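Going left to right, the sequence shown walks through residues 164 to 474 as our numbering numbers them. All remarks here apply to the structure that follows.
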Amino acid sequence: MSFEVKELFKKYGNKVVVDHLSFSMPSPGVYALLGTNGAGKTTSIRMMLGMLAKDGGTVMWNDKPLSIDTCNVGYLAEERGLYPKATLMDQLMYFAELRGVSRDVAKQRITYWAERLEATEYLFPPKTAGKAVKPKVADQLSKGNQQKIQLMVSLLSDPELLILDEPLSGLDPVNADLFKGIIREEVEKGKYLIMSSHQMATIEEFCTDLTILDRSKVVLQGNLAEIKKGYGRIHLFVKAEQELKSYMEAAEVEILSQVGFSYQCKVTGEEHANRLLKALVADNVTLIAFELREPSLHEIFVEKVGETHEE
C-alpha cells in the first residue's frame with residue numbers, strides 16, 4: 164500500500180492557500196504536516212479527504228484516487244464535531260453505521276475503546292441505587308473527554324489511513340500519554356498516519372518524515388533524522404556551579420538563553436565546543452552537564468519559518 168499527494172493546490176480569489184504540496188508515504192508510519200496558523204495544513208487535509216474541492220493536484224491510495232471506496236480512512240478533526248445534545252452511544256453507533264460497520268461489531272469496538280480510553284463511565288453509566296442513569300450527552304463532558312469520544316469515532320472502522328489534526332489539543336498530561344499510547348499501537352499495526360500538530364516534541368516522538376508549510380508554501384521537507392543530521396551537532400547545553408559568560412565570550416560561543424548557571428548555546432561544531440570545554444577544564448570549573456546535540460524539531464521549525472517571515 165502507499166499514499167501519495169501530488170501538486171495539491173488551492174486558492175480563494177487571488178490568494179493561494181496551498182501552493183503545490185507534494186509528499187508520499189510508500190510504507191506505514193507517521194508523516195507530520197506542520198506549519199504556522201493559517202499555513203494551509205487543515206485546508207490540505209480537507210482536500211485530501213475530499214471535504215474541500217481541489218483547484219489542482221491528486222491524492223492517491225494504492226495508485227487510485229483516494230476515496231471511501233478505495234481506502235478505509237479515519238479522521239480526527241481539529242474542530243470538535245460531536246452533536247451536543249445527542250447521547251454519546253447514539254452518536255457512536257450512527258458514525259459507525261456511516262462507515263459501514265455492523266451494529267454487533269460497532270458495539271464490540273465501542274466497548275473496547277471505551278475501556279482503552281478510560282471512558283466507560285460515560286458510555287455505560289452504572290446504576291445508582293438500583294436505578295438506571297440517563298445516558299451522557301456530549302456537552303456534559305469536558306473538552307478532553309469529548310476528544311476521547313472523537314478519537315473513538317475515528318477508530319471505529321479500524322482504518323488503514325488515520326489522519327489526526329491536533330490530536331492532543333486540550334488534553335492534560337495523563338490523557339495526552341493515553342493518546343500517545345494508542346497512536347503507537349496503531350503504528351505497530353502497520354497503519355498509515357498523517358499527523359498535524361503544534362506540539363513539536365510530540366511530533367518528534369512519532370514521525371519519520373515531514374513537511375513544514377508557511378504561508379501556503381513548503382519551506383522544509385524530508386526525513387527528520389536526515390534533516391537533523393544535515394544541521395550537525397551545533398546546539399550545546401552547559402550547566403555549571405558558577406557564571407560562565409566570560410568563557411563563552413572568549414570562545415566566541417553564542418548564548419541563546421540562560422537560566423541561572425545553565426546555558427543553551429550555539430556553536431559551529433564539535434571542534435568549537437571542545438575549545439570551550441578545554442578552557443573550562445583548564446580552570447577546574449565544575450561542570451554538571453556539557454551536551455552537544457543536533458537541533459530539535461522545535462528549533463528547526465522556528466528557524467525555517469522565521470526565515471520566511473523576515474523576507
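Even for Gly, the Cβ is constructed at its ideal location relative to N, Cα and C. Everything numeric in this text was worked out from a predicted model, so none of it was measured.
Who does residue i pair with in a DSSP beta bridge?
i, result
"W224", "F166 and K227"
"E417", "K429"
"D377", "K380"
"Y238", "I326"
"T291", "K294"
"F172", "G219"
"I422", "Checking the sequence shown, residue 422 turns out to be Val, not Ile. In DSSP, V422 forms a bridge with S425."
How would you write the range of the alpha helix (DSSP H) that residue i sits in, first residue to last?
i, result
"Q309", "K306 to L318"
"G344", "P336 to E351"
"H435", "E433 to A445"
"R272", "R266 to R279"
"T206", "K204 to M211"
"L512", "The chain is shown from 164 up to 474; residue 512 falls before or after that span and cannot be answered."
"L286", "T283 to L286"
"T371", "Neither: T371 is in no alpha helix (DSSP H) and is coded neither H nor E."
For residue i, report the span of its beta strand (DSSP E) as first-last.
i, result
"Q384", "K380 to N386"
"Y426", "S425 to K429"
"M188", "K178 to M188"
"Y246", "Premise fails: Y246 is in no beta strand (DSSP E) and is neither H nor E."
"E454", "L450 to R456"
"A403", "H398 to A403"
"L327", "L324 to D328"
"M358", "Y355 to S359"
"A195", "G192 to G198"
Quick one: is residue i buried, meaning 16 or more other Cβ sit within 10 Å of its Cβ, or exposed?
i, result
"L419", "exposed"
"M214", "exposed"
"T365", "buried"
"K173", "buried"
"L197", "buried"
"S207", "buried"
"K178", "exposed"
"K441", "exposed"
"R209", "buried"
"S265", "exposed"
"T274", "exposed"
"L475", "In the structure displayed, the chain extends from 164 to 474; residue 475 sits before or after that span and is not available."
Do residue i and residue j have their CB atoms nearer than 8 Å?
i, j, result
"V193", "M358", "yes"
"V444", "I326", "no"
"G423", "G395", "no"
"R272", "L319", "yes"
"T449", "E404", "yes"
"E170", "S187", "no"
"F453", "V381", "no"
"V350", "I397", "no"
"A414", "L439", "yes"
"L239", "L280", "no"
"A269", "A277", "no"
"Q362", "L387", "no"
"K391", "P458", "yes"
"E368", "K343", "yes"
"E428", "L460", "Note that residue 428 corresponds to Cys in the displayed sequence, not to Glu. No, the pair does not count as a contact, with Cβ atoms beyond the cut-off."
"Q346", "L356", "The question names Gln, but residue 346 in the sequence shown is Ile. Cβ distance < 8 Å, so I346 and L356 count as in contact."
What does a CB cutoff of less than 7 Å around residue i pick up in its chain, not counting 5 residues either side in sequence?
i, result
"G203", "V180, V181, L376 and S379"
"L229", "M211, V222 and M223"
"K467", "I375, V382 and L383"
"Y410", "L439, A442 and L443"
With a CB to CB cut of under 8 Å and the five nearest residues on each side skipped, what residues in its chain are close to residue i?
i, result
"A301", "L245, Y246, P247, K248, A249, L251, Q254, Q309 and I312"
"N225", "M164, S165, T233 and C234"
"P289", "V296"
"K354", "P191, P322, E323, L324 and L325"
"R148", "Outside the displayed span of the chain (164 to 474) sits residue 148, for which this structure offers no information."
"K299", "T250, L251, Y285, L286 and P288"
Answer yes or no: the CB of residue i versus the heavy atoms of the ligand MG, is any distance below 7 Å?
i, result
"D377", "As for the ligand MG, it is missing from this structure, which has no ligand bound."
Leaving out the 5 sequence neighbours to the left and right, which residues in its chain are closer than 6 Å to residue i when beta-carbon positions are compared?
i, result
"E329", "E241 and S360"
"K217", "M210"
"G220", "K169, E170, L171 and F172"
"A485", "What is shown of the chain runs 164 to 474, which leaves residue 485 out entirely."
Measure from the C-beta of residue i to each C-beta in chain C and report whether the shortest distance is under 8 Å.
i, result
"L460", "Note that chain C does not occur in the displayed structure, where there is just one protein chain."
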